[in-house]
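Working notes, structure below.
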Amino acid sequence: MLKKWLLYGTSFCAIEHSTDKNNTDFYTGLQLSKKKKELNVTNRHQYNSINEVISFVKANKHAFLIINNQHVLSKKITVVNDSQKKLIQVAFPNIVISDFYYEIYSNDTESFISICRKEHIDYVIDLYSKNGISIVDFSLGNLALQNILPFIGNDNFNTSNAKITVENNKITIIEKEFVEDQTYIVNDLEVSNHELLPLGGVLSYYFDQNIEQIGLTQKTEELKKTYQQKKLFDLGLKFGFGFLFTILLINFLVFSHYTTKADQLTIDVQLNEQTKNRLISLQEKVAQKEKVVKNLQSVSQSKVSRHIDEIAQLIPNTILLTNIYYQPIKSRVKKGKTILVTKNQITVKGVSKKNEDSTHLISLLESKKWVDKVTIMSYGKQKNNMEFELLIHINNE
Numbered sequence: 025m026l027k028k029w030l031l032y033g034t035s036f037c038a039i040e041h042s043t044d045k046n047n048t049d050f051y052t053g054l055q056l057s058k059k060k061k062e063l064n065v066t067n068r069h070q071y072n073s074i075n076e077v078i079s080f081v082k083a084n085k086h087a088f089l090i091i092n093n094q095h096v097l098s099k100k101i102t103v104v105n106d107s108q109k110k111l112i113q114v115a116f117p118n119i120v121i122s123d124f125y126y127e128i129y130s131n132d133t134e135s136f137i138s139i140c141r142k143e144h145i146d147y148v149i150d151l152y153s154k155n156g157i158s159i160v161d162f163s164l165g166n167l168a169l170q171n172i173l174p175f176i177g178n179d180n181f182n183t184s185n186a187k188i189t190v191e192n193n194k195i196t197i198i199e200k201e202f203v204e205d206q207t208y209i210v211n212d213l214e215v216s217n218h219e220l221l222p223l224g225g226v227l228s229y230y231f232d233q234n235i236e237q238i239g240l241t242q243k244t245e246e247l248k249k250t251y252q253q254k255k256l257f258d259l260g261l262k263f264g265f266g267f268l269f270t271i272l273l274i275n276f277l278v279f280s281h282y283t284t285k286a287d288q289l290t291i292d293v294q295l296n297e298q299t300k301n302r303l304i305s306l307q308e309k310v311a312q313k314e315k316v317v318k319n320l321q322s323v324s325q326s327k328v329s330r331h332i333d334e335i336a337q338l339i340p341n342t343i344l345l346t347n348i349y350y351q352p353i354k355s356r357v358k359k360g361k362t363i364l365v366t367k368n369q370i371t372v373k374g375v376s377k378k379n380e381d382s383t384h385l386i387s388l389l390e391s392k393k394w395v396d397k398v399t400i401m402s403y404g405k406q407k408n409n410m411e412f413e414l415l416i417h418i419n420n421e
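This is how it looks when you write it as structure tokens:
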């Protein structure tokens with residue numbers, strides 16, 4: 025069932041090329057579709073040109089062909105159980121058998137033989153093929169009726185151009201007869217007399233029946249094989265494109281995944297770089313501050329303490345010191361600017377009651393070996409006291 029579905033899908037079609045009583049060509053198309061394990065007629069029509077038939081079948085892409093017109097010769101002979109060639113020679117003694125396709129149906133006492141030139145059959149099959157339609161099987165004359173014998177009783181049946189008698193589930197008479205439209209019920213399917221042969225064609229390749237179409241076996245096997253190869257190629261091509269698309273889709277998804285990861289890593293690297301730059305900036309600031317501290321501590325703590333102690337010892341009781349700055353800052357401290365200090369200097373601020381006291385202090389300081397000189401930065405009277413600021417320059421020891 026899977027193989028049949030892969031090959032044919034769910035729609036099956038048959039076409040009959042026939043002629044009416046005025047010998048005018050007409051074409052009957054019948055399409056059945058499988059739904060819920062049943063075959064139902066989904067499309068049917070009669071046409072006056074083969075181009076119309078091609079349009080009818082094109083969507084289905086495969087069909088069973090019945091040639092039942094002036095190109096087919098049919099005869100009944102009272103010979104059975106003989107070789108095919110002998111039967112043909114009895115029915116048509118003057119033909120070159122290799123130039124014809126032939127189909128034979130035999131009952132217990134008689135044989136029905138239909139022939140058609142290979143040239144014509146091949147032309148019709150090729151015409152359909154060029155329009156994207158694969159003929160998967162074919163039948164000649166009215167012999168496609170043998171495919172529906174299991175579904176009909178013993179009676180007389182009319183096709184598009186013949187009256188057929190069925191007895192004991194076998195065809196016994198086929199004679200030319202044109203009648204108005206008649207309706208038959210075949211296995212719950214309602215079909216007209218023009219559709220009996222196409223129905224037989226559909227059932228032939230739907231059920232893959234083993235009814236031997238004597239004389240056509242080689243050609244029909246060739247048609248089926250050609251169609252199967254074409255279908256398998258189409259399926260392989262679709263599968264290949266589907267597989268390729270799937271691979272490309274997977275590659276795209278993987279690429280997108282890793283691209284997203286790469287973008288995230290790039291962002292992380294940028295953030296890390298920014299963090300690194302901020303860290304370097306902080307390290308530089310710390311280094312600057314450490315440098316300031318080192319500058320402030322360039323003179324050993326012992327010397328600083330000694331100098332300040334000596335200054336304190338020199339201060340008389342009449343002088344009150346207000347500030348002492350070791351290595352005073354040169355300018356106001358500003359954010360982001362290097363702090364500059366005055367090296368080897370001490371600033372002394374204080375208040376004296378007498379002018380002589382501050383003058384005497386300057387003299388005492390200048391007498392110290394570690395003092396290079398003393399500069400008066402400010403000196404002035406305020407109320408009852410004298411305010412002063414001295415800058416002591418220290419020798420480089």
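Residue 25 is where the sequence shown starts when you use this note's numbering, and the numbers rise one by one after that. Quick reminder that beta carbons are idealized off the backbone N, C-alpha and C, glycines included.
So which of Trp-394, Val-372, Ser-402 and Phe-412 has the shortest CA-CA distance to Lys-378? The sequence position of residue 378 within the sequence shown is 354, counting from 1. Per the Cα distances, Phe-412.
Which term fits Pro-174, buried or exposed, when burial requires 16 or more other beta carbons within 10 angstroms of its beta carbon? Against the sequence shown, residue 174 aligns to sequence position 150. Exposed, because fewer than 16 other Cβ atoms sit within 10 Å of the Cβ of Pro-174.
As assigned by DSSP and simplified to three states, the class of Gly-264: The sequence position of residue 264 within the sequence shown is 240, counting from 1. Three-state DSSP puts Gly-264 in a helix.
So for Ile-172, helix, strand or coil by DSSP? By 1-based counting over the sequence shown, the position of residue 172 is 148. Residue state, collapsed to three classes: helix.
Can you name, in chain order, every residue of its own chain whose Cβ lies under 6 angstroms from the Cβ of Gly-33, other than the five neighbours on each side? Reading the sequence shown from its first residue, position 9 is the one you call residue 33. Within the same chain, Gly-33 has no close Cβ partners at all.
CA-CA distance, Cys-140 and His-95? Taking the first residue of the sequence shown as position 1, residue 140 is located at position 116. Taking the first residue of the sequence shown as position 1, residue 95 is located at position 71. Approximately 6 angstroms between the Cα atoms of the pair.
Should Ser-184 and His-218 be called a contact, given that it needs their Cβ atoms to be closer than 7 angstroms? Residue 184 sits at position 160 when you count from the first residue of the sequence shown. Residue 218 sits at position 194 when you count from the first residue of the sequence shown. Result yes, Cβ atoms of Ser-184 and His-218 sit closer than 7 angstroms.
Using 8 angstroms as the Cβ pair cut-off and three pairs as the minimum, do the region 42-57 and the region 72-79 touch? Counting C-beta pairs with one atom in each stretch, the region 42-57 and the region 72-79 have three or more that are closer than 8 angstroms, which means they touch.
With 16 other CB atoms within 10 Å as the buried threshold, where does Ser-42 fall? What you label residue 42 is simply residue 18 of the sequence shown in a count that begins at 1. Ser-42 should be labelled buried.
Go to His-95, then tell me how far its beta strand (DSSP E) extends in each direction, as first and last residue. Within the sequence shown, numbered from 1, the residue matching residue 95 stands at position 71. His-95: not part of any beta strand (DSSP E); DSSP gives it neither H nor E.
Can you look up Ala-87 in the DSSP assignment and give me helix, strand or coil? In the sequence shown, counting from the first residue as 1, residue 87 sits at position 63. Note: Ala-87 maps to strand in three-state DSSP.
Between the region 185-196 and the region 150-162, do three or more beta carbon pairs fall short of 8 angstroms? no
State the Cα-Cα distance for the pair Thr-290 and Gly-264, rounded to the nearest angstrom. For this step, residue 290 is matched to residue 266 along the sequence shown. For this step, residue 264 is matched to residue 240 along the sequence shown. Going by the C-alpha atoms only, they are around 38 angstroms apart.
As assigned by DSSP and simplified to three states, the class of Asn-379: One-based indexing of the sequence shown puts residue 379 at position 355. Asn-379 falls in the helix class under three-state DSSP.
Note down the Cα distance separating Thr-207 from Leu-213, rounded to an integer number of angstroms. Working through the sequence shown from its first residue, we reach residue 207 at position 183. Working through the sequence shown from its first residue, we reach residue 213 at position 189. Rounded to the nearest angstrom, the two C-alpha atoms are 10 angstroms apart.
When DSSP labels each residue in this structure, what does Val-81 get in the three-state scheme? Residue numbering aside, residue 81 sits at position 57 when the sequence shown is read from its first letter. If DSSP states are grouped into helix, strand and coil, Val-81 belongs with the helices.
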